[in-house]
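One structure below.
There are 2 protein chains.
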Amino acid sequence: MPDRSSIPRPAAKRLSLYLREAGICVRIGRQTVSSRQLGEALGVSDAQVRKDLALLGQFGQSGVGYDASALYQQLRQALGTDRNWNTLLVGAGNIGRALLGHAAFEAEGFKITAVFDSATSLVGTTIIGHRIRPMSELGSCVKELRVRIGIMAVPRDAAQVVADQLVRAGVSGLLNFASRRVELPDTVRILSVDFTGSLERLAFEIHAAEGGLAESA
Amino acid sequence: MPDRSSIPRPAAKRLSLYLREAGICVRIGRQTVSSRQLGEALGVSDAQVRKDLALLGQFGQSGVGYDASALYQQLRQALGTDRNWNTLLVGAGNIGRALLGHAAFEAEGFKITAVFDSATSLVGTTIIGHRIRPMSELGSCVKELRVRIGIMAVPRDAAQVVADQLVRAGVSGLLNFASRRVELPDTVRILSVDFTGSLERLAFEIHAAEGGLAESA
DNA sequence: CTTTGTGAAATTATTCACAGCA
DNA sequence: TGCTGTGAATAATTTCACAAAG
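Okay, structure coming up:
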């Protein structure tokens, strides 16, 4: 067994890509898939794919490739998505509603079990089948429903306060849609999705690609 | 003038974080900010901050730090957000609507100038002040409004087709919300935001931290 | 004093290239 | 033949540490 105690961060990021691709292979009935094929589908070198998958153990077959469904199962297990994750959503605004309507979550094992909002005008109403709860119920909800991930779709100025509440309620991780860094105890993981930051990075790449040549004159 | 095209990818990712922080400094009236302060606010080492900012030129002051508004301007210029970027949105579903209601885009120089959808039931209707246009208008719209970025908020199975249409229409970059890799000519940049993938990565980190399968820093 | 900018060193990540297997 | 798994080589990135500057 290889040393499984430490998976490099960049490799960890690619794991969910491999899972997606393995899922496609399984769905279309493909028996095996090679590191080259996976790599081409995802824009990664074949050597990189092999290195990454070897981190999870040896289950490829020389001359053949990886068994698609074994790969799929192995990745699900490694990522922890072989069983269900209960999540809760804080913030029933634009982004929150989009997430509630995002069917892909449940298909991949993530269930939004409860929705919270601090706006009293929203509390008690039902949005896309979810009753909006008051923040005061956060703690009991996390315990009763065994929620492990809190999804924060709140304004940036509320992010730290909500994060603190979620941590106190006992979640293990946060998915943060507010473009603000929040301080957390290092027992709690966070991953941020920043729309504006993404656009800025994209703009930078375009800008640099176009400006880089023109400016050397 | 520094050569923007030679900025390392990880550094480029941090640039938008620095911009956010510099913006906060300017807004609260702070005159100067040091690499240590920036680093602490963003979870990056001070040496890293200095290396990154030095890529844009030398504008720090020994013993003092960086002039907040000069830093802000410099970053905006480097990222290309000192000028307006016209974008268009394809897909007026859940995610598309959330993006239309996301005020932060315009505040940072990104304007959604037009919205498209392939559903004939939506075309012609107005959503959050935007008339939904048929896909057939894509080409003329890009030209007339000088759109450079296409935002794809479409189902995964439509992603490649829509990407092809956007490329043909002449955009320079794509912001993709579908969890599927799309093939593009390498003159066109793409950046993908994958909700499910993000959740999977978060779940992996939690899972790994708890299960002994850790991720190295 | 404090803080920048930057070579040099250390660390981390990727690619190469090939032995070994089916 | 086609392919994996993996050490070795390479490349990229981060950290160190300090001279120079205010």
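Just so you know, the protein sequences line up as chains A and B, in that order.
Numbered per my numbering, the first sequence spans residues 9 to 225.
Numbered per my numbering, the second sequence spans residues 9 to 225.
From the three backbone atoms N, C-alpha and C, an ideal C-beta is built for every residue, glycine too.
Computed from a predicted structure; not experimentally measured.
Neighbour-count burial assignment, Gln39 of chain A, 16 or more Cβ in a 10 Å radius: Position 31 of the first sequence, counting from 1, holds the residue named residue 39 of chain A. The residue in question, Gln39 of chain A, is exposed, as its Cβ has fewer than 16 Cβ neighbours within 10 Å.
Euclidean distance between Cα positions of Thr128 of chain B and Ala100 of chain B: Indexing the second sequence from 1 puts residue 128 of chain B at position 120. Indexing the second sequence from 1 puts residue 100 of chain B at position 92. Thr128 of chain B and Ala100 of chain B: Cα-Cα distance of roughly 12 Å.
Chain-order list of residues whose beta-carbon lies under 6 Å from that of Asp60 of chain B (same chain, five-residue window excluded): Counting from one through the second sequence, the residue named residue 60 of chain B turns up at place 52. The residues are Ala19 and Arg22.
Chain A contact for Arg189 of chain B (CB, 8 Å cutoff): The residue you call residue 189 of chain B lines up with position 181 of the second sequence. Chain A contact via Cβ: present.
Check: Ser180 of chain B C-beta below 7 Å from any heavy atom of the ligand SAH: No copy of the ligand SAH occurs in the structure displayed, which carries no ligand at all.
Interface residues of chain A facing Lys21 of chain B [CB-CB closer than 7 Å]: Counting from one through the second sequence, the residue named residue 21 of chain B turns up at place 13. Going along chain A in sequence order, the residues near Lys21 of chain B (Cβ under 7 Å) are Arg209.
Minimum Cβ-Cβ distance from Ser24 of chain B to chain A less than 8 Å: Sequence index remark: in the second sequence, residue 24 of chain B carries index 16 (1-based). With 8 Å as the cut-off, Ser24 of chain B counts as an interface residue toward chain A.
Cutoff 8 Å: Phe124 of chain B Cβ touching any chain A Cβ: On the second sequence, position 116 is the one that residue 124 of chain B refers to. Not closer than 8 Å to any Cβ of chain A, the Cβ of Phe124 of chain B fails to qualify, so no.
Buried/exposed call for Ile214 of chain A, threshold 16 Cβ in 10 Å: The sequence position of residue 214 of chain A within the first sequence is 206, counting from 1. By the 10 Å Cβ count, Ile214 of chain A comes out buried.
Minimum C-alpha distance to Pro193 of chain A - residue among A:Gln173, A:Leu46, A:Leu87 and A:Ala166: By one-based count along the first sequence, residue 193 of chain A stands at place 185. Comparing Cα positions, the closest option is A:Gln173.
Cut-off 8 Å between Cβ atoms - residues of its own chain near Tyr80 of chain A, not counting five sequence neighbours on either side: Position 72 of the first sequence, counted from the start, is the residue given in the question as residue 80 of chain A. The answer, listed in chain order, is Leu27, Ala30, Gly31, Cys33 and Val34.
Where the alpha helix (DSSP H) containing Leu147 of chain A begins and where it ends: Walking along the first sequence from the start, residue 147 of chain A turns up at place 139. In the sequence as displayed, the identity of residue 147 of chain A is Gly instead of Leu. Unbroken alpha helix (DSSP H) run through Gly147 of chain A: Leu146 to Leu153.
Within 7 Å of chain A by C-beta, residues of the segment 141-172 of chain B in sequence order: Arg156 and Ile157
Residues, ordered as in the chain, of the segment 110-135 of chain B that lie near chain A by beta-carbon distance below 7 Å: His110, Ala112, Phe113, Glu116 and Phe118
Contact between the segment 134-148 of chain A and the segment 191-205 of chain A (3+ Cβ pairs under 8 Å): No: the two stretches stay apart, fewer than three of their Cβ pairs being nearer than 8 Å.
For Ser187 of chain B and Glu114 of chain A, the rounded distance between their alpha carbons: The count along the first sequence starts at 1 and reaches residue 114 of chain A at position 106. The count along the second sequence starts at 1 and reaches residue 187 of chain B at position 179. Cα to Cα, Glu114 of chain A sits roughly 14 Å from Ser187 of chain B.
Boundaries (first-last residue) of the alpha helix (DSSP H) holding Thr95 of chain A: Counted from its first residue, the first sequence places residue 95 of chain A at position 87. Note, Thr95 of chain A: premise wrong, no alpha helix (DSSP H); beta strand (DSSP E) at Trp93 to Val98.
Cβ pair count under 8 Å reaching 3, the segment 162-182 of chain B against the segment 47-63 of chain A: no
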